[in-house]
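In what follows, a single structure is set out as structure tokens and then discussed.
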Amino acid sequence: MASQNYEEFGALEELDSYLLDPSYEFGNSNNLDVCNPLSQFSVQTYEQNWAFEPSSASGSHPPCASSSNESCGTQPDCLSDTTNNDVFNNCPLALSSPYGLDCLDELKNDKLGEAEAALQPSLAPDSLIDAHNNQLSSEFVLSDAAMEIVGRRDLKEMLVACAKAVGDNDLVTRDFLMYELQLMVSVSGEPLQRLGAYMLEGLVARLANSGSSIYKALRCKEPSSPELLSYMHLLYEACPYFKFGYLSANGAIAEAMKNENRIHIVDFQITQGTQWFTLIQALATRPGGPPQVRITGIDDSFSASARGGGLQIVGERLSGLAQSCGVPFEFCGLAISACDIESERLGVRPGEALAVNFAMVLHHIPDESVGVQNHRDRILRMVKNLSPKVVTLVEHESNTNTAPFLLRFTATLDYYLAIFESIDEALSRDHKERINVEQHCLARDIVNIVACEGLERVERHEPLGKWRLRLSMAGFNPFPLSSFVNATIKNLLENYSRKYTLEEGDGCLYLGWMNRDLVASSAWI
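The sequence shown begins at 4 in the numbering used here and counts up one residue at a time.
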């Protein structure tokens, strides 16, 4: 791989220790003593909204929003294990709601009108039970293929068949499979059972022909900001997805900026600002003194809710750390949706080397398949016109943006099954917070992908091949990631399960689970 030697950057050992240290834990304040940082910050001060988190950082929907101020607490009280609830006696929509019957009652009270009324005949308990007991009239007869699928009791096959029936508007097969599936899925079971509960929830929501309304109604009580951050932190420590993205992006920025004295970083989704702690510390060790660093952080009100406050909190954290490390520092926060960003708002100044960071944010920005305003490509062209030294991109390696519904459903099933399996490897089945982690950090995104269309669907993943085409059309060229970064991430993965894989292709890195690529990282100039 083409790369430049980090020796040129100077203080290689310091870089290894502070910028790309696989053992570094953002939740451990002892790691910050090297620069005498602000010791008064709690563990949660250094938590980053995880890239795979629900909408708390998406700028599109609040995390499990609710009018109630009560919290889920440490136990998943708002979840219902479908194997332990007679859900059909409570609500015809509640086939396997992982969000709980109290939230389904709210759904009924939200007066969805025609959407719910249209569902009642096909999802009514009596008709489903009759189907289950093979008491259908001659007008409602299951196909032999559907009977064979149910007979095999293969959960994954049944989920896909149910999604096909939903897409084909095959009411009899759909209802029968939904009845059978709600007996098989469980938010506390095996990885596929847990994922199946949320996939089935998405199918139920989709049937209302108003996925956004169902999506917003099927929600649990909003956790407090500290609780939500603790769930994200637990996922951050359990799986290496966050750290992989940070290490690769920071390494590319460090290499591109090694000779620059004035650096401006634009982060299109800064959330807690955690990514920049190690970079600031590394820059503090540069021979000849640290450069001047300015960070422009873009974020929205939903991340502010998860954070427990506005962007001034992020600015204070970063400024405090930079001061303790002796790094000249300036922070500018833009509380605005990334779709509304114009180049004038970014405050680019002459003489500053510009780095732009897209960490799990571009898939939230709609493209030409959603409307006439193709913000996804517009933003890339806008950034190119600013002549950045480097642009970093970290994204899900999945294809759910323009894929037809059934292909999108199966891609989501395969992708998140790998995620759930990796969580299962790290967190024991009886871990008291595992259900909360999966619900608050993953489930809402899954429901959104399955249930929603158009502008209401904000989770629109694209594989690196498509991002490569978009970036090339905008005028970018690849900036191969350093072999030093590659080696450091390999060291990082030694702390995790051997089932994680790291692959390199065309100067880009792919982190996977059992050879299934999950996250792709690349840099561009």
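Cβ atoms here follow ideal geometry from the backbone N, Cα and C, with glycine treated the same way.
Residues 194, 195, 198 of the same chain have their beta carbon placed closer than 7 Å to that of residue 420, with the five preceding and five following residues left out of the count.
When DSSP states are grouped into helix, strand and coil, residue 388 belongs to the helix group. In the structure shown, residue 236 falls within a helical segment according to DSSP collapsed to helix, strand and coil. If you draw a straight line from the Cα of residue 282 to the Cα of residue 319, it comes to about 16 Å. Distance from the Cα of residue 383 is smallest, within the candidate group 355, 415, 480, 331, for 480.
By the neighbour-count definition (other C-beta atoms within 10 Å, threshold 16), residue 276 is a buried residue. Ranked by how close their Cα comes to the Cα of residue 450, the residues 426, 489, 403 have 403 in first place.
By the Cβ neighbour-count rule, residue 369 is buried, with 16 or more other Cβ atoms within 10 Å of its own. Between the segment 336 to 352 and the segment 234 to 243, the count of C-beta pairs closer than 8 Å stays below three; the two stretches do not touch.
Between residue 453 and residue 162, the gap from beta carbon to beta carbon reaches 8 Å or more. Annotation: residue 376 is outside any beta strand (DSSP E) and is labelled neither H nor E by DSSP. In this structure, DSSP gives residue 434 a state outside helix and strand, which the three-state scheme calls coil. As computed with DSSP, residue 427 is found in no beta bridge at all. When C-beta atoms of the segment 242 to 256 are compared with those of the segment 517 to 525, three or more pairs fall below 8 Å, so the two segments count as touching. Taking all protein chains shown into account, residue 259 has 16 or more neighbouring C-beta atoms within 10 Å of its C-beta and is therefore buried. Burial state of residue 291 is exposed, judged by a 10 Å Cβ sphere holding fewer than 16 other Cβ atoms.
An exposed status is given to residue 407, since fewer than 16 other beta-carbon atoms sit within 10 Å of its beta-carbon. The segment 378 to 393 makes no contact with the segment 508 to 521, as fewer than three CB pairs between them are under 8 Å. Every alpha helix (DSSP H) of 4 residues or more that sits fully in the segment 146 to 191 is shown, in chain order, as 147 to 155, 158 to 171, 174 to 185.
At the C-beta level, residue 296 and residue 357 stay beyond 8 Å of one another. Cβ-Cβ separation between residue 373 and residue 458: approximately 6 Å, consistent with a contact (criterion under 8 Å). Rounded to whole angstroms, the gap between the alpha carbons of residue 417 and residue 393 is 32 Å. A distance of 8 Å or more separates the beta carbons of residue 397 and residue 272.
If you ignore the 5 residues before and after residue 332, its C-beta comes within less than 6 Å of the C-beta of 296, 322, 325, all in its own chain and listed in chain order. Secondary-structure assignment with DSSP links residue 397 through a beta bridge to 362, 524.
Residue 331 is bridged by DSSP to nothing; it lacks a bridge partner.
Here residue 204 is buried: its Cβ has 16 or more other Cβ atoms, across all protein chains shown, within 10 Å.
When the alpha-carbon of residue 414 is set against those of 399, 315, 248, 245, the nearest one is in 399. The C-alpha of residue 294 is placed about 10 Å away from the C-alpha of residue 329.
Between residue 278 and residue 338, the CB-CB gap reaches or exceeds 8 Å.
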